[in-house]
Amino acid sequence: MLMPSKEPLAALENASEFIARHIGPDSADEARMLAALGLPSLDALIDKVLPASIVRSKPMDLPAPVTEADALAELKALASKNQVLKSFIGQGYYGTLTPGVILRNILENPAWYTAYTPYQAEISQGRMEALVNFQTMVCDLTGMPIANASMLDEATAAAEAMTLAKRSVKSKSNRIVLAGDLHPQTIEVIQTRAEPLGLEVLVANSKEEWEAALAGDMFAAVVQYPASSGWIVDWKADVDAIHAKQAAAIVATDLLALTLITPPGEWGADIVVGNSQRFGMPMGAGGPHAAFMACRDEYKRSLPGRLVGVSVDVHGNPAYRLALQTREQHIRREKATSNICTAQVLPAVIASMYAVYHGPAGLKRIAQRVARLTAILSRGLAELGFTARHHDSAFDTLSLHTKDASDAILARARAQGVNLRKAWNEYLCISLDETSSRADVELLWSIFAQPGQALPNIEAMDEGSTSLIPEGLQRSSAYLTHPVFNTHHSETAMLRYIRSLSDKDLALDRSMIPLGSCTMKLNATSEMIPITWPEFANMHPFAPADQLQGYALLDAQLREWLCQATGYAGISLQPNAGSQGEYAGLLAIKAYHASKGESHRNICLIPSSAHGTNPASAQMVGLQVVVTKCDENGNVDMADLKLACEKHSANLACIMITYPSTHGVFETQVKELCQLVHSHGGRVYVDGANMNAQVGLAAPGEFGGDVSHLNLHKTFCIPHGGGGPGVGPVCVVEDLVPFLPGHATAGVPGKVGAVSAAPLGNAAVLPISWMYIRMMGEPGLKRATETAILNANYISKRLEKHFPTLYAGEHGHVAHECILDLRHFKDSCGVMAEDVAKRLIDYGFHAPTLSFPVPNTLMVEPTESESLYELDRFIAAMVAIRGEIAEIEAGRAAQDDNLLKNAPHTAETLLASEWSHGYSREAAAYPVPALRRAKYWSPVGRVDNVYGDRNLFCSCVPLESYGNAS
Ligand SMILES: *Cc1c(COP(=O)(O)O)cnc(C)c1O
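In the working numbering, the protein residues as written are 19 to 984.
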């Protein structure tokens with residue numbers, strides 16, 4: 019007899035399988051946690067946490083979740099709408115061959131991509147070594163004394179160079195001069211950035227205009243070397259002329275070319291920018307890749323972005339840490355010089371490894387091959403009747419005056435699967451790269467040849483070809499001489515070098531990283547897989563729109579879904595970090611006021627608890643920051659806010675709040691707050707970094723926000739990458755949609771100019787967030803939010819007697835994170851929050867956020883992805899540490915020599931024959947039994963930040979300084 023099936027087919031298909039893979043706790047865990055909180059259900063918890071006034075009016079309208087396999091198939095179909103042609107467009111984006119050992123062991127390896135920004139130096143030595151390699155590589159190739167650990171893209175790096183120059187030079191001029199032969203996107207981003215600061219941008223489009231401009235006043239001038247058209251100009255005399263005006267010479271350059279041509283540092287450049295994309299990062303329709311900035315020594319203390327420096331640990335061994343970190347972490351708030359927070363660490367690591375693997379000789383051979391093929395191409399084209407514009411000099415790019423034949427040639431090229439760049443009306447430009455071959459050169463000749471015209475012969479063209487690198491600009495200085503660039507050239511050696519670095523670090527693949535405000539949740543493998551599909555990876559950002567249809571669809575769908583999640587009407591995915599989303603959002607607010615004839619509105623209210631990027635972004639758009647108070651419960655002080663609104667009513671531009679607040683609480687008065695600001699003509703900016711507490715439950719676009727940024731690298735699963743890449747979409751209500759950033763270079767209209775080099779910013783990582791939303795759907799995303807809140811409340815509750823939570827909402831609950839108060843230990847026994855953070859390393863944990871937003875506290879954000887098992891492991895560690903503190907309080911352990919002050923304990927110190935501490939080695943290394951069999955060893959002892967800042971040193975360490983430690 020046939021038995022009726024018990025379960026419906028749909029249940030067996032399990033379309034929502036991914037939800038339970040993304041969310042750590044299962045239903046039994048959930049029940050146990052709710053019991054600990056004394057609550058009957060998750061709904062009961064959410065009722066108590068979320069103010070009734072902001073509950074969403076209706077659920078998000080998203081497609082129903084699908085399995086991992088189905089989501090991948092759907093995305094593959096979408097990706098295949100991109101047409102991958104051979105791109106010779108250049109303009110800052112080039113084909114590159116990512117070495118397999120780097121692709122698999124870094125770009126596709128969670129030990130690298132799930133790491134956090136290296137604020138905790140001791141558990142970040144591996145990635146910081148890679149970043150020091152990056153800095154050293156940039157310094158060597160540019161000939162400059164100091165370089166930072168990455169910028170967001172070349173165009174924003176140039177814009178940051180402008181403001182660095184403005185605050186550093188003696189000239190009082192407000193004018194910056196740009197050589198017309200810069201990449202157009204660089205010019206555009208500089209123009210956007212200059213406008214709200216009242217800086218005048220003069221673009222010199224001819225030799226005459228350039229000379230006239232140099233005769234006038236300026237605070238800086240920007241040139242490109244080699245130029246966007248391919249020309250390699252000797253700028254020495256121009257740089258002298260710029261210096262004579264007490265102005266700075268800013269040079270945008272190309273790292274591969276610099277292996278062959280005299281570096282800007284040798285002819286007087288003050289600031290050098292560029293990007294490292296062609297060092298192993300696929301084009302990815304414009305990003306992510308690591309741009310860079312190098313500068314003269316005198317400017318180093320106002321260099322934007324992160325800088326990794328060499329210091330020492332307590333045992334006197336060299337150890338890396340973020341240099342000038344207090345400057346960096348707080349981004350100097352109102353006095354900020356830049357708002358960059360998340361940068362491009364993972365791409366910078368990849369670029370540095372590309373240099374480590376190829377070494378100076380390998381890089382030079384690649385560059386020489388590109389240069390030779392370009393010279394051969396040029397000779398052959400001349401035979402065919404096309405002489406390059408600056409035929410006497412080129413590295414990889416030729417510009418041909420094709421006049422009215424341009425469109426016909428372009429069409430022939432497309433038919434052959436080739437993209438060329440059309441520029442300055444009558445020119446076609448061709449850029450070769452590492453991937454270019456003999457066959458490509460022959461193909462290009464065939465495209466330019468007339469029907470029946472005989473094609474040149476490669477060997478013949480090669481024979482007797484002359485170098486197009488100008489005689490006087492051939493590089494003579496050595497570079498990349500440090501052993502690290504001259505050792506790991508076999509794949510075996512490279513594999514082991516990469517592994518040795520990642521083994522030093524603690525990333526999400528080893529333990530939870532409960533960083534408040536940073537949302538270190540699962541970055542699922544299925545989400546990561548599409549980013550290296552050729553249909554996404556090998557796209558040039560300025561390819562014709564019809565070839566970028568897959569990206570256009572990805573963009574449209576993701577924006578639609580994020581509108582559902584936030585309640586906003588329009589979104590731009592262009593900003594490539596949260597900070598850039600803030601900047602774009604404030605530009606929109608400014609442009610809106612200007613459109614109403616109210617440009618005088620220039621006051622930006624910011625509560626004192628705000629993240630440092632908020633005031634930094636406000637000053638970048640020329641808004642004046644007025645700080646308002648928080649009350650004793652950590653909420654915005656409404657009375658103080660009311661006074662500020664009244665006082666500044668006529669000039670109020672906006673308020674910037676974070677919701678839930680950076681104190682980890684849903685403020686109940688947020689709706690009233692929005693109404694109050696609106697009633698004074700101001701707009702409300704809601705920092706969306708804490709959206710993980712809201713998705714599916716509340717939407718800022720509904721409860722009164724006008725603008726928000728999201729951090730897709732927090733809430734929407736793009737991995738942190740050790741400090742980037744990120745995506746910071748800017749989201750706005752209906753009447754601000756016209757003020758979202760445009761991108762003239764890519765043909766995207768807008769009342770506000772470009773804020774990133776590429777129209778879709780870090781386009782290549784957008785598939786990650788797409789996959790997440792597609793696999794979770796509305797039920798999964800809402801569940802994730804609820805679980806994130808549950809996990810935070812569980813930790814807060816379980817630690818209540820040991821480390822009380824500083825701020826809670828009306829009913830005593832927190833949102834998705836909790837601030838543990840450790841301030842009283844300073845008086846009771848001299849223990850600081852930092853000591854607990856370092857002791858957690860001995861227990862195998864990455865510390866929570868330290869001293870933000872309240873000094874001497876720890877902010878814990880477990881996220882929904884951590885299981886009850888992992889939460890309990892963390893709680894057990896914290897309880898044990900509380901016991902260790904009690905020993906000091908009771909006088910049984912010395913205040914200056916105890917388990918916390920000496921943490922983290924290295925294997926080296928524990929294995930030394932001498933042991934003079936008042937506690938055992940076992941207590942130091944194995945405070946909980948499980949550590950005996952699975953232990954993370956910190957490679958260095960506590961790092962001395964002050965020493966490193968006094969003795970700022972930011973390149974590779976000479977090997978001998980390691981002594982017997984290496
Ligand atoms: C992370 C964060 C930012 C900055 O975002 P980035 O992507 O790092 O530029 C801004 N505000 C808050 C509250 C944040 O947590």
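Virtual Cβ for every residue (Gly too), placed ideally from N, Cα, C.
From a predicted model like this one, the values you see are computed outputs, not experimental measurements.
heavy atom of ligand 1 below 8 Å from residue i C-beta
| i | result |
| --- | --- |
| Asn653 | no |
Residue range of the beta strand (DSSP E) that includes residue i
| i | result |
| --- | --- |
| Glu218 | 218-222 |
| Tyr243 | 238-243 |
| Arg324 | Careful: Arg324 lies outside any beta strand (DSSP E) and carries neither H nor E. |
| Ile124 | Unbroken run through Ile124: none, as it is neither H nor E. |
| Ser370 | Unbroken run through Ser370 is the alpha helix (DSSP H), 363-401; no beta strand (DSSP E). |
| Ile427 | From DSSP, Ile427 is part of no beta strand (DSSP E) but of the alpha helix (DSSP H) over 424-433. |
| Thr676 | 670-676 |
| Ser590 | 588-590 |
Which residues DSSP lists as bridging residue i, in chain order
| i | result |
| --- | --- |
| Lys440 | Leu446 |
| Gln712 | BP columns for Gln712 are empty, so no partner. |
| Asp649 | Beta-bridge pairing links Asp649 to no other residue. |
| Thr875 | Asp839 |
| Ala337 | Ser329 |
| Val257 | Paired residue(s): none; Val257 is not in a bridge. |
| Pro759 | Val770 |
| Ala406 | Leu418 |
| Tyr703 | Met674, Val725 |
| Thr867 | Met877 |
| Val644 | Leu623 |
| Leu533 | Val878 |
N- and C-terminal bounds of the alpha helix (DSSP H) containing residue i
| i | result |
| --- | --- |
| Leu623 | No alpha helix (DSSP H) contains Leu623, which is instead part of the beta strand (DSSP E) from 621-625. |
| Tyr131 | 128-131 |
| Thr510 | 509-521 |
| Ile607 | 596-613 |
| Phe721 | 718-721 |
| Leu232 | 225-233 |
| Val986 | Missing from the structure shown is residue 986; the chain here goes from 19 to 984 and no further. |
| Gly113 | Note, Gly113: premise wrong, no alpha helix (DSSP H); not H, not E. |
| Ser635 | 631-638 |
| Ser726 | First-last for Ser726: 725-727, but that is the beta strand (DSSP E), not the alpha helix (DSSP H). |
| Val1058 | Outside the displayed span of the chain (19 to 984) sits residue 1058, for which this structure offers no information. |
| His696 | 688-697 |
| Leu661 | 656-665 |
9 Å Cβ cutoff, residue i in contact with chain B
| i | result |
| --- | --- |
| Ala851 | Going by chain labels, chain B is absent from the structure shown, which holds only one protein chain. |
Check: residue i C-beta below 8 Å from any heavy atom of ligand 3
| i | result |
| --- | --- |
| Leu57 | Looking for ligand 3 in the displayed structure turns up nothing; the ligands present are ligand 1. |
Which residues neighbour ligand 1 when neighbourhood means a C-beta less than 6 Å away from any of its non-hydrogen atoms? List them by chain order.
Here the list is Cys359, Thr360, Ser535, Ala595, Gly596, Ser597, His629, Thr631, Thr676, Thr680, Asp705, Ala707, Asn729, Gly744, Gly746.
Any chance you could list the alpha helix (DSSP H) runs of at least 4 consecutive residues sitting entirely within the segment 453-502, in chain order?
Every alpha helix (DSSP H) of 4 residues or more that sits fully in the segment 453-502 is shown, in chain order, as 456-466, 476-480.
Considering only residues of the segment 544-568, which uninterrupted alpha helix (DSSP H) runs meet the minimum length of 4 residues and lie entirely inside it, listed in chain order?
Those alpha helix (DSSP H) runs which fall completely within the segment 544-568 and span 4+ residues are 552-555.
Considering only residues of the segment 30-107, which uninterrupted beta strand (DSSP E) runs meet the minimum length of 3 residues and lie entirely inside it, listed in chain order?
List check, beta strand (DSSP E) in window: nothing returned.
Counting only runs of 3+ residues fully inside the segment 786-849, write out the beta strand (DSSP E) ranges in chain order.
Listed in chain order, they are 836-839.
Starting from the N-terminal side, write out each stretch of the beta strand (DSSP E) that is 3 residues or longer and does not extend beyond the segment 149-218.
If we require 3 residues or more, the beta strand (DSSP E) runs fully inside the segment 149-218 come out as 193-197.
Mind listing, in chain order, the continuous alpha helix (DSSP H) runs of no fewer than 4 residues lying wholly within the segment 942-984?
Listed in chain order, they are 963-968.
If you scan the segment 267-330 from start to end, which runs of the beta strand (DSSP E) of 3 or more residues do you find wholly inside it?
With a minimum length of 3 residues, the continuous beta strand (DSSP E) runs that stay inside the segment 267-330 are 289-293, 309-313.
Inside the segment 872-940 only - beta strand (DSSP E) runs reaching at least 3 residues:
For the segment 872-940, whole beta strand (DSSP E) runs of length 3 or above, ordered along the chain, are 875-878.
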